[in-house]
Each structure stands twice: as C-alpha cells, then as structure tokens.
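K.L.:
Before I ask anything, let me first share the structure, which is written out below as structure tokens.
Residue numbers (this note's numbering): 1472 to 1564.
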C-alpha cells in the first residue's frame, strides 16, 4: 500500500494570507474541513468563503461534518468521514 501524508491545521486567528502561506509551504492540494459547522467568527474561514478562496489558489475543499468537529461523532459517521479523507488523499497528488 502506498504511503500518504495527511496534515492537520487549525485556522485560529491566522490572517488569510498567513493561513494560505502555510498550506502552500507544505504543498497542500486539498483541504478537508472537519468542523461540524463550517462557520467562524472570522468570515474568511466560513465554509463558502473558504472554499472559494482555496479554489482561487488551486486548493480543493470538501466539508466533512460527519467527522465530528466540536461534538463527538457517532462511530459509524466518523468511520465514514475518515474513509472519505483517505479516498480524497488517494485522488490528490
């Protein structure tokens, strides 16, 4: 089986340009948003805005709320979310 690397990142209080620079530094081609709600008090990290900004910079995006975010995911939902992340990682670079 081919080895893959999956990175994690939190947006915290990063300015958009700093967040994007981190993704580019590590050559991230696709971002899986594992928050249960794709919302933030910082508008640049709301799901639709984030998705558009990433796409404009050549980075794919998919929201996977079944992975749980702040709430505990049901085991079968979490397993499905992890399977989707693995599928995406096999498709991207």
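Beta carbons: idealized from backbone N, C-alpha and C, even for Gly.
(1) Quick check on the burial criterion: 16 or more other C-beta atoms within 10 angstroms. Buried or exposed for residue 1475?
(2) Do residue 1505 and residue 1538 come within 7 Å of each other at the CB atom, strictly closer than that value?
(3) Sorted by chain position, which residues of the same chain lie with C-beta nearer than 6 Å to residue 1552's C-beta, five sequence neighbours on each side aside?
(4) Can you tell which of 1548, 1487, 1529 and 1493 has its C-alpha closest to the C-alpha of residue 1513?
(5) What does a CB cutoff of less than 8 Å around residue 1478 pick up in its chain, not counting 5 residues either side in sequence?
P.N.:
So, from the listed chains and residues:
(1) exposed
(2) yes
(3) 1535, 1537 and 1538
(4) 1487
(5) 1497 and 1499
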